[in-house]
Every structure is written in structure tokens, then in C-alpha cells.
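What follows is a single structure, written as C-alpha cells, with notes after it.
Protein chains: 2
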Amino acid sequence: MTQHNELDRIDLKILATLQDDGRITNQALSERVGLSPSPCLQRVRRLEKLGVIKGYSCHIDLERVAQTITVFVSVSLSSHEKGAFGAFEAAVADIPELVECHKVSGQFDYLLRFVCSDIGTYTAISDHLLATGPEGLNLSSHVVLQATKESKGVALERLVRQ
Amino acid sequence: MTQHNELDRIDLKILATLQDDGRITNQALSERVGLSPSPCLQRVRRLEKLGVIKGYSCHIDLERVAQTITVFVSVSLSSHEKGAFGAFEAAVADIPELVECHKVSGQFDYLLRFVCSDIGTYTAISDHLLATGPEGLNLSSHVVLQATKESKGVALERLVRQ
DNA sequence: CTTGAAAGTTACTACGG
DNA sequence: CCGTAGTAACTTTCAAG
């Protein structure tokens, strides 16, 4: 089965535009990418069906909604035997305050990001994790003091060479 | 001047819904939050003007667009004298591959996230950073091997108690 | 790919409770 | 604050070039 997953310049421009303004109308989008509305909409639907566009969301300024803290946690497992990684991932999977979990190379094994209502909540989470997670779990917590740069997305033009 | 920044249950429901589906129509949104379309739209516009909603975007499955690597970098500055933090932030500010930069507490001072087209690009960036950044810069790189959990947003209901 | 047309939705505004 | 209602704009699908 032949795959038709190739993206041309226009597709990339659509993606970059929608990444910048996810609620742009199809008409405005079509003008920006130099197409008429119908083929533009066709491309957007195709990108959605292919899974290239995974979804849409609004960006919320959390500070204006509630007091929260963001905590990055580097995790190292003393045991790298079979099951240790799975046990850890299972232990964190259903924590609603966990926003991201990445397995990484380097001095530690995982990097987590939590968003909690307060330090107490985070403390309870990390305590619970140490109690229920695999043996030899080592957590190192880093509370975010200031977000110097917050991503609105990646620079697609730099990541794809045509 | 009195501020009217308070958010009620309906506002939070609007935010949670738009966080989950940023392209939902106002009509569907109004049904979900139990309002008729016009007051619902009024609230959305108010949230946008207040800056609670900072914008909208689509989520792109980068793997389907181009081969990329994500690298988390923990940074420590040997000098915490005046100017050291500013010098570092200035050095990283304009790197397009830098997606996030957080000043954090704990064993290191900053946590960065880069998305690059390949390791070579990242290496060039970190080399350049070490060359142009402040003295005593210590970088520790962590290439993301697998994203175990990727955030679609925060759990607003858990962060705000009404 | 484009244009253009037609039908269905939606957004937006103004007005009234 | 809410809802109703009307208009303009947009989306979506179609056919034809």
C-alpha cells in the first residue's frame, strides 16, 4: 500500500499558521497560504485524518486562573532491571497533576513535569510516588521560579528542509 | 479601578472545554456549559481580552512531519553574581530551537527544552552557547528517548477549588 | 488546482427580560 | 446577568474548467 504522507510547502505553511492561530478561519488561512478556500480546507482535513494535526486547544494563562506551581522532577532508578521502568511508568501514569513524562538519556532516567495547586499537593504526590514506586527511586525536584521563555510551538521552517 | 477578574464555574468549564478542543464552535460550547450562544461568546471574548486565554493553536505530531530530537538541558551557573542570569538569558533568548526556558530551584538554575532537526544541530547550539554565554556555564543534556505522557493541558478542576 | 454557486452553520450585534 | 432573533460571514460540498 502506497502511503501519501508527503507534505509540501503549502502543508507546512498551513501547519505553521494553525500552530500560531488555531482558530483562524479557513478563508483567512487559504489567503495566507496562497490557495482558494476549498483546496485549503481539503488539506486541513487531510492533515487531521493523517494525524499530523492531533487536535486544537486554547492556551490558558494559569496565573490568572489560580495559584499554581510547576515542578520539574528528574528521576533516576537504581535498578535498571526488567520491570523497573514499567513499574515506574505505571506508578505515575494516573497522577492528574502530571503533565509530561519523558524517558531521557543522561544522568537521570525520566524527566517529569507537574502542575499543582500548591507545594503541599506536590509533596503529597512525591511522597506517594516514593512509597508506591519501585525500589531505589530517586527524585530531584525543581520548582519553576520563572518561565523565561514559553513555547508557542516549534519553528517548523527550521526543522524541515525542502 | 475595580477589577472584574473573577472566574465562575462556567468560565472554568469554558476554559477546560476550549483547552480540550480549541476549535469547538460557540454553539456546541454553549451547550456544553449550559448557556445560550450569545452569553457564552461574550464570556469567551472576555476571557480573551483579560488574557486568561492567551491564544489558540493546533497540536502537530512532529514525528509525522520531520525527524526531530527533543533535548532537555539542565544549566548551572558557577557565578550567581549580578548579570550572570541576565547574560545567560540573553544568550539563549534568540535561539529558534529553544522552545522553553525555565528558571528553577534545586541542583541547577535553568531547565531548557530544545527541539532540533538532529543531534548535530543541537551540538552546534550547545557549543555556541558555551562559547558565547557567561563564564562557568555548565550544561547537562538529556535527549528524550520516549514521551511516556504528553500533556493535552492541565486538569483545571483539580487546580481550582470552588 | 481554480472558480462559482448553493445550502447549512455559525458568529456577531442589537434588543428585551 | 441571561435569552431571543436577525443579519452577515463563514463553512462545506458540489460541479465544471
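Respectively, the protein sequence lines represent chains A and B. Numbered per UniProt numbering, the first sequence spans residues 1 to 162. Numbered per UniProt numbering, the second sequence spans residues 1 to 162. Glycine residues also receive a C-beta, built at the ideal position from the N, C-alpha and C atoms. Note that the structure is predicted; figures quoted are calculated from it, not measured.
When 7 Å is used as the limit between beta carbons, Arg23(A) is near these residues of chain B: Gly22, Arg23, Tyr56, in chain order.
Within the region 71 to 100 of chain B, contact with chain A at the beta-carbon level (separation under 8 Å) is assigned to Phe72, Ser74, Glu89, Val92, Ala93, Pro96, Glu97, Leu98, Val99, Glu100. Nearest C-alpha to Gly120(B) among Gln67(B), Gly83(B), Gln27(B): Gln67(B). Interface with chain A (7 Å Cβ-Cβ cutoff): Gln42(B) is excluded. For Gln146(B), the three-state secondary structure derived from DSSP is strand. Around the Cβ of Asp127(B), a 10 Å sphere holds fewer than 16 other Cβ atoms; the residue is exposed. In this structure, the alpha-carbon of Lys54(A) lies about 31 Å from that of Gly83(A).
Taking a cut-off of 8 Å for Cβ pairs, the region 40 to 56 of chain B and the region 84 to 94 of chain B do not touch, as fewer than three such pairs fall below it. With a 10 Å radius around the Cβ and a threshold of 16 neighbouring Cβ atoms, Thr25(A) comes out exposed. The Cβ neighbour count for Thr132(A), taken over all protein chains shown within 10 Å, is under 16; the residue is labelled exposed.
Between the region 148 to 161 of chain A and the region 100 to 120 of chain A, the count of Cβ pairs shorter than 8 Å is below three; the stretches do not touch.
Within the same chain, Cβ atoms closer than 8 Å to the Cβ of Ser57(B) are found at Gly22, the five residues on either side in sequence being excluded. Annotation: Gly133(A) has no Cβ neighbours in chain B at a cutoff of 7 Å; minimum Cβ distance is about 14 Å.
When Cβ pairs closer than 8 Å are counted between the two stretches, the region 61 to 80 of chain B is seen not to touch the region 28 to 38 of chain B, the count staying below three. Closest option to Leu62(A), judged by alpha-carbon separation, among Glu63(B), Leu7(B), Ser76(B): Leu7(B).
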